[in-house]
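Reading through the structure tokens given below for one structure.
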Amino acid sequence: MELIYEKSRSGRRAVALEPLDVPEAELNSELCRPAAAPLPEVSELDVVRHFTLLSQRNYGVDSQFYPLGSCTMKYNPKVSELVAAHPGFATLHPHLSSAKVYEPVCQGALELVFETERMLAEIGGMQAGCLQPMAGAHGELAGVLLIAAYHRDKGNTHKRTILIPDSAHGTNPASAAMAGFEVREIPSTPAGVMDFDKLVEALDDTVAGVMMTCPNTHGLFEPQVHEVAERAHAVDALLYYDGANLNAIVGKCRPGDLGFDVMHFNLHKTFATPHGMGGPGSGAIAVGERLLPYLPGPRVVKSADGYTLETIPKSMGRMAAFFGNFLIAVRAYAFLRYYGGDGLPSVADNAVLNANYMFARLRGAYQAAFEGTCMHECLLSAVRQADKGIHALDIAKALLDRGFHAPTIYFPLTVKECLMIEPTETESKETMDLFCDAMLEIAQLVDVDPDSLHAAPVTLPVSRLDEVRAAKDLNCACLA
Amino acid sequence: MTWIPVTDSEREEMLGTIGVNSVEDLFAAVPEALRMRGWDMPPGLSEMALRAHMDALAARNKTDLSCFLGGGYYDHFIPAAVDALSGRSEFFTAYTPYQPECAQGTLQSIYEYQSAVCRLAGMECANASLYDGGTAMFEAATMACRATCRTRVVVDGSVNPVWRRMLLTHCAKLELDIVDGADPEGAACVIVQNPSFLGTVRDFADLGERCRAAGALFVVVFNPVSLGMLKTPGAMGADIAVAEGQSLGLPLGFGGPYLGILAARKKLIRKMPGRIVGETLDAQGRRGFVLTLQAREQHIRREKANSNICSNQALCALRALMYLCLMGPEGLRQTAQACHSKAEYLKSRIAAFAPVLNDGPTFHEFAVRLPRPAETVCAELLGRGFLAGLPLAAVGAGEAGDLLVAVTEKRTRAELDAYADALKEVCCGTDL
Chain G
1 MELIYEKSRS GRRAVALEPL DVPEAELNSE LCRPAAAPLP EVSELDVVRH
51 FTLLSQRNYG VDSQFYPLGS CTMKYNPKVS ELVAAHPGFA TLHPHLSSAK
101 VYEPVCQGAL ELVFETERML AEIGGMQAGC LQPMAGAHGE LAGVLLIAAY
151 HRDKGNTHKR TILIPDSAHG TNPASAAMAG FEVREIPSTP AGVMDFDKLV
201 EALDDTVAGV MMTCPNTHGL FEPQVHEVAE RAHAVDALLY YDGANLNAIV
251 GKCRPGDLGF DVMHFNLHKT FATPHGMGGP GSGAIAVGER LLPYLPGPRV
301 VKSADGYTLE TIPKSMGRMA AFFGNFLIAV RAYAFLRYYG GDGLPSVADN
351 AVLNANYMFA RLRGAYQAAF EGTCMHECLL SAVRQADKGI HALDIAKALL
401 DRGFHAPTIY FPLTVKECLM IEPTETESKE TMDLFCDAML EIAQLVDVDP
451 DSLHAAPVTL PVSRLDEVRA AKDLNCACLA
Chain R
1001 MTWIPVTDSE REEMLGTIGV NSVEDLFAAV PEALRMRGWD MPPGLSEMAL
1051 RAHMDALAAR NKTDLSCFLG GGYYDHFIPA AVDALSGRSE FFTAYTPYQP
1101 ECAQGTLQSI YEYQSAVCRL AGMECANASL YDGGTAMFEA ATMACRATCR
1151 TRVVVDGSVN PVWRRMLLTH CAKLELDIVD GADPEGAACV IVQNPSFLGT
1201 VRDFADLGER CRAAGALFVV VFNPVSLGML KTPGAMGADI AVAEGQSLGL
1251 PLGFGGPYLG ILAARKKLIR KMPGRIVGET LDAQGRRGFV LTLQAREQHI
1301 RREKANSNIC SNQALCALRA LMYLCLMGPE GLRQTAQACH SKAEYLKSRI
1351 AAFAPVLNDG PTFHEFAVRL PRPAETVCAE LLGRGFLAGL PLAAVGAGEA
1401 GDLLVAVTEK RTRAELDAYA DALKEVCCGT DL
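So the sequence lines, in the order shown, correspond to chains G and R. Start counting the first sequence at 1; every next residue gets the next number (the numbering used here). Start counting the second sequence at 1001; every next residue gets the next number (the numbering used here).
What follows is the structure in structure tokens.
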């Protein structure tokens, strides 16, 4: 398909702008660009058709089953989009929260921030929430920086290490390192959980914190999570909860009750805000008692006169200029109020039920990565298929041809030929059955017609793309 | 629940397939003692009740004010096609394009966005987006440290003071030396902002030269709409250019989601954070796009990655691209010219009774010193239907009387006149 730049025709315009109603002001030519920016010159219809056609080259949750493990691609309710587009939220200037004088004109927004942070803290079993972090990884960074602020305040200058299991998302070690910590990896046991003895061995006096995901990326609840918290706290190390997999336990148990000191929520996963081709999401955090004094500021508090902003004396500082991805929080707030405390546990119940149902249907044809039941996602290994020359990648591409988005593949790195399937609670049994039928059919093709799988996908606008060429003959922009 | 499609009879069937008696059996791994005992959450609402509740909340925000508030975030016109197109669910319900064959819409749009950023800012490469302007500036600083193997980050006084605070927060535990000023000697980078936080426009080309001579990278924070008129970061010798992309078709939204723009010289591309899309061919020789240079990223390199970023602001980048396509070269020039001309008109009217603080020409924003506390003046002007501007003391960037005033193309001459009259009256009394 042509690039929008290739559709450009000199002199073509899309938008009629208002004629200038004041005298045109000059600016010294040395401060100005010599020629207008070389942007495309296109009509509105050119733009509309271009992007409509581009959109049709995408799979999305609204049109395809999207069981991308670890990403929680659930349905995003339309009412959340509607309320986020409300001019009462969408047109609100962010600096209204910068000066006291403007607090009276943004009370609804401040209340929404306050209530969302309060509900998140409640769901997490924590003391307080904070909407500032703008994505899960940003929440992780906020969390480890909070841990750093805690140790700095206590004079724990020797605390320089963060322990992270080998099954963790790559963002965990990256966030810890980005904050300035050393990272030490804790291996998993063959059963797929963190090796508790190895953790205890590593928990020396230099350890500032431990980052855990629970259930972990193997789809398994960490059975000794409470003991980990006790051991960590015994050496004044704090415990971070990666909320990426919160969908499995929301309303069933709470990270704060499990012993965690700080966590992030992926509002775009658990609370159904759209993933937007990669973002924006939201990585709101919540903290327990130990980290409460260090929260990013300022904070919205409720007073007799309404909602107001308060600075936090020992605050770690600012993760965002304002309240993070506020309009994402509006969608999450709407979701939380829609489901309510009575409805939220059904999220985890059905997410776990669906994952186990797919696991049960598929674990004969594909090897189960781990025994027993799983939580919200099931991990299969295509090792048997790989022995016959068909890899997880080939299976993924064959699924695309059958109208499904592929599961996450080759992650976690701890599982060979991994296919990580997360159906979420919003998918119907028929959809899951169709997907499982396709997976079983593909498993049969491995024996009878493997070449058809090597060729996949054949139904999409492009077939397999040459990634080596992309990196070698680097072309990352169409320059003027 | 409305969105749980599995029926009771299907549930029984599924439990049978799994081989357990109840859903609770699937949670056996969660120790009984750690189960939730109850929580303080409101009960669920119907969609109708929810919408009424949200309307009531939104009604407690006042949005019918004439806006002269800026400070890095601006009330610009957004063409209807931006909402219509970015609201297509094939875009917003997709995720990161891990399977490129079913994500060519996403990938080509990101490639076109990267191209638009380069064309706008006069740079050679750009990433797929970061969270916002402040985090983009932080990423630029650490990118410069990686590229130069130096640890001193020099921040010029022109930079947004809130972003400077964000930089300090994000770098709190890194062994970096973050200093104020513009001295490139021994520095990893010097960061400047043009127009400055107060709206002052400069040509920083000389500083760009001095940075090059000192082996420091030159980081320029720019305002995207201003580049409809102003000299580009590339033309000033920027090695890295970053911006808040909100002004490119994103609603103000009380702080986000926004768009962190980061562009660089091509030799620095392997030091860049975040996703990058590159062009390639498929097995049949057709053009296609993929995520490339992924060995920089967290999912491959873990603790050795350039950044921890995973989710970015792709949908916001798409909106920015659509905005730039709809505006085109002439529309963007006209928009910038309108912002500038209207601001100059208002500035000359206000300068008659309150001194302007900028020490040079300004673009679409300027600071004035009022004879009364700015917060008091703003409170009185609120009553007259104006968001009068940003009291600079509130963000630690001025004295009590200092007010930052922004003007966009959306303000009419009648609004500018009414605002100038009201401000004069509130500051100097009615006896004019």
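Cβ atoms here follow ideal geometry from the backbone N, Cα and C, with glycine treated the same way.
Which of helix, strand or coil DSSP assigns to residue i
i, result
"S1109/R", "helix"
"I1269/R", "helix"
"E1415/R", "helix"
"E1010/R", "helix"
"M264/G", "It is worth fixing the name first, because residue 264/G is His in this sequence and not Met. Here H264/G sits in strand by DSSP."
"G1288/R", "strand"
"L239/G", "strand"
"E1244/R", "strand"
"R1275/R", "coil"
"F51/G", "helix"
"R1088/R", "coil"
"F1218/R", "strand"
Neighbourhood of residue i by C-beta, 6 Å cutoff - its chain only, sequence neighbours within 5 removed
i, result
"A1172/R", "none"
"H138/G", "G283"
Assumed close pair residue i, residue j - CB separation to whole angstroms, cut-off 8 Å
i, j, result
"T1148/R", "A1314/R", "At roughly 30 Å, the Cβ-Cβ gap does not stay under 8 Å, so T1148/R and A1314/R are not in contact."
"G1133/R", "G1072/R", "7 Å"
"L353/G", "V250/G", "The Cβ separation is near 14 Å, so there is no contact."
"N350/G", "I1178/R", "Incorrect: roughly 48 Å between the Cβ atoms, too far for contact."
"V1192/R", "V1221/R", "7 Å"
"G219/G", "C378/G", "6 Å"
Proximity test, Cβ basis, 8 Å: residue i and chain C
i, result
"P457/G", "Absent from the structure: chain C. Protein chains present are G and R."
Alpha-carbon to alpha-carbon, residue j and residue i
i, j, result
"A438/G", "N58/G", "20 Å"
"D1040/R", "R118/G", "10 Å"
"L1259/R", "A1116/R", "14 Å"
"I164/G", "V210/G", "6 Å"
"Q64/G", "K74/G", "11 Å"
"R254/G", "P298/G", "26 Å"
"G88/G", "D1055/R", "8 Å"
"T1007/R", "V415/G", "34 Å"
"L1248/R", "L1324/R", "7 Å"
"S428/G", "F359/G", "15 Å"
"L1432/R", "R1319/R", "Unreliable placement is indicated for L1432/R, whose pLDDT of 47 sits below 50; the coordinate value is still reported in the next sentence. Cα to Cα, the separation comes out at about 46 Å."
"R1060/R", "Q107/G", "6 Å"
"I1240/R", "R1384/R", "43 Å"
"L1167/R", "G324/G", "15 Å"
"S452/G", "F1289/R", "23 Å"
"P1079/R", "G1087/R", "13 Å"
"A1213/R", "Q132/G", "39 Å"
"S97/G", "L1252/R", "13 Å"
"I442/G", "Q1246/R", "45 Å"
"A109/G", "R1051/R", "15 Å"
"C1211/R", "G1181/R", "13 Å"
"A1336/R", "S1196/R", "16 Å"
Close beta carbons around residue i, own chain, < 8 Å, minus the five adjacent residues each side
i, result
"A1367/R", "L1198, G1199, V1356, L1357, N1358, L1392, G1398, D1402, L1403, L1404, V1405"
"L1069/R", "D1075, L1387, A1388, G1389, L1390, A1406"
"F335/G", "P77, S80, F271, A272, T273"
"I1018/R", "L1026"
"A1136/R", "L1130, V1242, A1243, E1244, G1260, I1261, L1262"
"S1348/R", "none"
Residues near residue i in its chain [Cβ-Cβ closer than 7 Å; skip 5 each side]
i, result
"C1118/R", "E1124, C1125, A1126, A1263"
"T311/G", "G297, P298"
"C478/G", "L3, Y5"
Given 8 Å, three or more beta-carbon pairs between the segment 322 to 331 of chain G and the segment 181 to 190 of chain G: Counting C-beta pairs with one atom in each stretch, the segment 322 to 331 of chain G and the segment 181 to 190 of chain G have fewer than three that are closer than 8 Å, which means they do not touch.
Indicate whether the contact test is met: 3 or more Cβ pairs, each with one atom in the segment 159 to 171 of chain G and one in the segment 1300 to 1312 of chain R, closer than 8 Å. At 8 Å Cβ cutoff, the stretches touch.
The segment 1151 to 1169 of chain R in contact with the segment 1259 to 1269 of chain R per 3-pair CB rule at 8 Å: Cβ pair count under 8 Å is below three, so no.
Cβ pair count under 8 Å reaching 3, the segment 7 to 17 of chain G against the segment 36 to 43 of chain G: They touch, by the three-pair rule.
Does the segment 283 to 290 of chain G come into contact with the segment 137 to 148 of chain G, if we say contact requires no fewer than three beta-carbon pairs (one atom in each stretch) closer than 8 Å? Yes, the segment 283 to 290 of chain G touches the segment 137 to 148 of chain G.
Touch check for the segment 466 to 474 of chain G and the segment 1272 to 1290 of chain R: three-plus C-beta pairs under 8 Å? Three or more pairs of CB atoms, one per stretch, sit closer than 8 Å, so the segment 466 to 474 of chain G contacts the segment 1272 to 1290 of chain R.
Tell me whether the segment 195 to 212 of chain G and the segment 225 to 237 of chain G touch, counting them as touching only if at least three CB pairs, one residue from each stretch, are closer than 8 Å. Short answer: they touch.
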